[in-house]
Amino acid sequence: MAENKIEIIRHSTAHLIAAAVLELFPNAKFGVGPTVENGFYYDFDLPRSLTPEDLPKIDKMARQILKKNIKFVCQELDINEAIGLFQKADQPYKIELLNDIKKFGTTDVNKQTEIKELSNDKVSIYTLGRFVDLCRGPHISSTQSLGAFKLTKIAGAYWRGDEKNKMLQRIYGVAFENQQELSDYLKLQEEAEKRDHRKLGKELDLFSMHDEAPGMPFFHPKGAIIYNKLKKFWLEAQKEFKYDIIICPSMLDVSIWKQSGHWDHYKDDMYFIKADENKTFALRPMDCPGAILIYNNSLKSYRDLPIRYAEPGLITRKEKSGQLAGLFRVQQFVQDDAHMFITEDQIESEIKDVIKLVKKIYQPFGLEYKAYLSTRPDDFMGDIKVWDKAEISLKKILKDVYGDDYGLKEKDGAFYGPKIDFQLKDSLGRTWQCATIQLDFQMPLKFNCKYIDNDGKEKTPVMIHRTIMGSFERFMGILLEHYAGALPVWLSPVQVYITPIGKNHFKASQKIAKELESFGISVLFDDSNETIGYKVRKAEKQKIPYILIIGDKEIKSKKLNVRMRGNIVKNMAKKKFIDKVLKEIKNFL
Ligand SMILES: [Zn+2]
Ligand SMILES: [Zn+2]
Numbered sequence: 001m002a003e004n005k006i007e008i009i010r011h012s013t014a015h016l017i018a019a020a021v022l023e024l025f026p027n028a029k030f031g032v033g034p035t036v037e038n039g040f041y042y043d044f045d046l047p048r049s050l051t052p053e054d055l056p057k058i059d060k061m062a063r064q065i066l067k068k069n070i071k072f073v074c075q076e077l078d079i080n081e082a083i084g085l086f087q088k089a090d091q092p093y094k095i096e097l098l099n100d101i102k103k104f105g106t107t108d109v110n111k112q113t114e115i116k117e118l119s120n121d122k123v124s125i126y127t128l129g130r131f132v133d134l135c136r137g138p139h140i141s142s143t144q145s146l147g148a149f150k151l152t153k154i155a156g157a158y159w160r161g162d163e164k165n166k167m168l169q170r171i172y173g174v175a176f177e178n179q180q181e182l183s184d185y186l187k188l189q190e191e192a193e194k195r196d197h198r199k200l201g202k203e204l205d206l207f208s209m210h211d212e213a214p215g216m217p218f219f220h221p222k223g224a225i226i227y228n229k230l231k232k233f234w235l236e237a238q239k240e241f242k243y244d245i246i247i248c249p250s251m252l253d254v255s256i257w258k259q260s261g262h263w264d265h266y267k268d269d270m271y272f273i274k275a276d277e278n279k280t281f282a283l284r285p286m287d288c289p290g291a292i293l294i295y296n297n298s299l300k301s302y303r304d305l306p307i308r309y310a311e312p313g314l315i316t317r318k319e320k321s322g323q324l325a326g327l328f329r330v331q332q333f334v335q336d337d338a339h340m341f342i343t344e345d346q347i348e349s350e351i352k353d354v355i356k357l358v359k360k361i362y363q364p365f366g367l368e369y370k371a372y373l374s375t376r377p378d379d380f381m382g383d384i385k386v387w388d389k390a391e392i393s394l395k396k397i398l399k400d401v402y403g404d405d406y407g408l409k410e411k412d413g414a415f416y417g418p419k420i421d422f423q424l425k426d427s428l429g430r431t432w433q434c435a436t437i438q439l440d441f442q443m444p445l446k447f448n449c450k451y452i453d454n455d456g457k458e459k460t461p462v463m464i465h466r467t468i469m470g471s472f473e474r475f476m477g478i479l480l481e482h483y484a485g486a487l488p489v490w491l492s493p494v495q496v497y498i499t500p501i502g503k504n505h506f507k508a509s510q511k512i513a514k515e516l517e518s519f520g521i522s523v524l525f526d527d528s529n530e531t532i533g534y535k536v537r538k539a540e541k542q543k544i545p546y547i548l549i550i551g552d553k554e555i556k557s558k559k560l561n562v563r564m565r566g567n568i569v570k571n572m573a574k575k576k577f578i579d580k581v582l583k584e585i586k587n588f589l
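Residue numbers are given in the working numbering: position 211 of the sequence shown equals residue 211, and the series is strictly consecutive.
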């Protein structure tokens, strides 16, 4: 379970918290306490609901236990002996887990396929003071070796994730090797909270969510401007890389999803629309079948390949309401998708081109990224030789482009082919998985895609599925957090804010505003009666890149005082200012 040092520390801290809960609630029943990213949780069945005020009490008790420097003691027991021990302690959840181990050899409900009846098997029990836990370990030797931790929140969680089971109380915490690492993490969290795109979306009036369409963002005028600029930037890049843009319906007959295999792998995550007794449509969870129908619409020759169909396609996927998270996890979104139909010989050059396109799209945002090769999973489809060949060629491509600077994700490929994933790093050092390039040998077979080769014979093309931003919605969310809302000039919905100091300056200010607008610069002209200080603060809060305040001095000297996100540049010639803004816009759009 826990492999490296920090994982062991985190999981051992979960035991410590459980021991503290046992001191405060002697009748507590214990669920499980695994590690999660940056920390751990533990699930409890308690006689009363926990409140946020309980966390400091549990924390205090945990630190008292920690100070006593108690050892983690491991003991091997026969399963039946262990069951007896937990029966005596009245721990029904542990007994349930042990019975599963006895019956199936595992506590993982997804892997309980064959009955094993392992009544002679040994299990390990860890004891920390009065707290005894069924656990594979390993653990640190004693509480003295624990790192720095902080309890973060309480949540409800169904036993074993099943809503038919009892709701338990989950305590989350974070843990690190030392205080410095914990402080750094907490500081980063605080900064991340300030930049939360849901918060910024509200403050900057970009988008909102409504119960009438859960997980489907409503973009307000300014948000729609950003969204469309991102899309335009993406469309221009597709043009440059010689993609053809296609547009397909966002609902298709259910039969095609059966043919594509999505029905088998995905139907629980799809929305269906019954048209009449004999006809059911599905809202598309992926774009692939549409591109295939267009490809198959006419006979293709080797001379036509590679065919590159790009589609900003509207996708709908069912998500549980608890998993929805602003623009990061939505039910409806537009994927910046593309499907290529190519010959086997074209794999290398096509993928190298996609890698160039990834760079083209990420670079303007100063986003670092790293490529990962995901190889054949256990449940792969197709010929193992074809897989091997494809993996070798992807490795060669990655080596050519990145040397040794790429990662490997063993057995993480799609069931239909290996893939290259890209992980982005934002300005806070957080990583996001966005772009993916997937080789597919299966779908062209399923849909009987063909081309006539130069020897006159029918052959099956290879397909590449690729996306770069992932979706416009999610990418916009990432950018909002990456820039803390202060988007680059070209993406900003309002680029220049202009206001006159007094009534006498109204005409001259309006003239400048109109002139800027005539160059395609987006301007907010504010002639309201508020004080200049108030107006500047308002514009800064809206993260508008440039603020111009026009008074006697500016009119007389014909020079501008330009506020640029905190910096003030005095006496800038108007033409110089316009050229500067235009340059910042035109490099991208
Ligand atoms: Zn443990
Ligand atoms: Zn696809």
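C-beta atoms are modelled at their ideal positions from N, C-alpha and C, and glycine is treated no differently.
Can you tell which of the options has the C-alpha that lies nearest to the C-alpha of residue i?
i    : options                : result
F233 : E481, L373, Q87, K360  : K360
Q542 : S492, G84, S557        : S492
E368 : F25, E348, I555, R430  : R430
K419 : K425, D426, E410, S427 : E410
I351 : Y451, T436, K556       : T436
L188 : A484, K570, K511, K576 : A484
P34  : H15, K103, H505        : H15
V401 : L373, D378, P444       : L373
I392 : S427, D426, L424, E348 : E348
E620 : A508, L151, I568       : With the chain represented from 1 up to 589, any question about residue 620 goes unanswered, as that position is not in the structure.
G105 : F422, I79, I154, E473  : I79
Kindly list the residues whose CB is nearer than 7 Å to the CB of residue i, restricted to its own chain and excluding five residues on each side of it in sequence; keep chain order.
i    : result
F380 : W387, F415
I501 : I532, I549, I550, G551
F519 : I578, L582
P545 : V489, S492, Q495, M564, R565
A82  : L98, V123, I125, L134
S321 : P214
C449 : I292, Y295, N296, F341, T460, P461
Going by other Cβ atoms of all chains shown within 10 Å of its Cβ, with 16 needed for buried, is residue i buried or exposed?
i    : result
V354 : buried
A513 : buried
V334 : buried
I585 : buried
K556 : exposed
G366 : exposed
P26  : exposed
Starting from the C-beta of residue i, find all residues in its chain whose C-beta is less than 6 Å away, skip the five residues before and the five after it, and write them out in chain order.
i    : result
T127 : V73
A291 : Y309, H339
A596 : The requested residue 596 does not occur in the structure, where the chain is confined to residues 1 to 589.
N4   : none
At which residues does the alpha helix (DSSP H) containing residue i begin and terminate?
i    : result
S393 : 384-402
G201 : 197-203
S124 : S124 -> not in any alpha helix (DSSP H); beta strand (DSSP E) instead, spanning 122-128.
K320 : No alpha helix (DSSP H) holds K320; DSSP gives it neither H nor E.
A192 : 179-194
R63  : 54-67
G407 : Careful: G407 lies outside any alpha helix (DSSP H), inside the beta strand (DSSP E) at 407-409.
K590 : With the chain represented from 1 up to 589, any question about residue 590 goes unanswered, as that position is not in the structure.
Y483 : Note, Y483: premise wrong, no alpha helix (DSSP H); not H, not E.
Consult DSSP for residue i and reduce its assignment to one of helix, strand or coil.
i    : result
T13  : helix
A573 : strand
H505 : helix
D78  : strand
H139 : coil
Y362 : helix
Y416 : coil
S208 : strand
F272 : strand
G290 : helix
A2   : At A2 the pLDDT is 42, less than 50, meaning the model places this residue with poor confidence; the figure from the coordinates comes in the next sentence. The answer is coil: DSSP assigns A2 none of H, G, I, E or B.
M216 : coil
M443 : helix
Hey, does residue i have any beta-carbon neighbour from chain D nearer than 7 Å?
i    : result
I245 : The structure shown contains no chain D, having only a single protein chain.
Span of the beta strand (DSSP E) holding residue i?
i    : result
E368 : 368-374
P545 : Run containing P545: none; DSSP gives neither H nor E here.
K153 : 148-158
W432 : 431-440
F44  : 39-45
V489 : Careful: V489 lies outside any beta strand (DSSP E) and carries neither H nor E.
A175 : 167-176
For residue i, which residues of its own chain have a beta-carbon under 8 Å away from its beta-carbon, when the five flanking residues on both sides are left out?
i    : result
Q91  : K29, F30
E530 : K538
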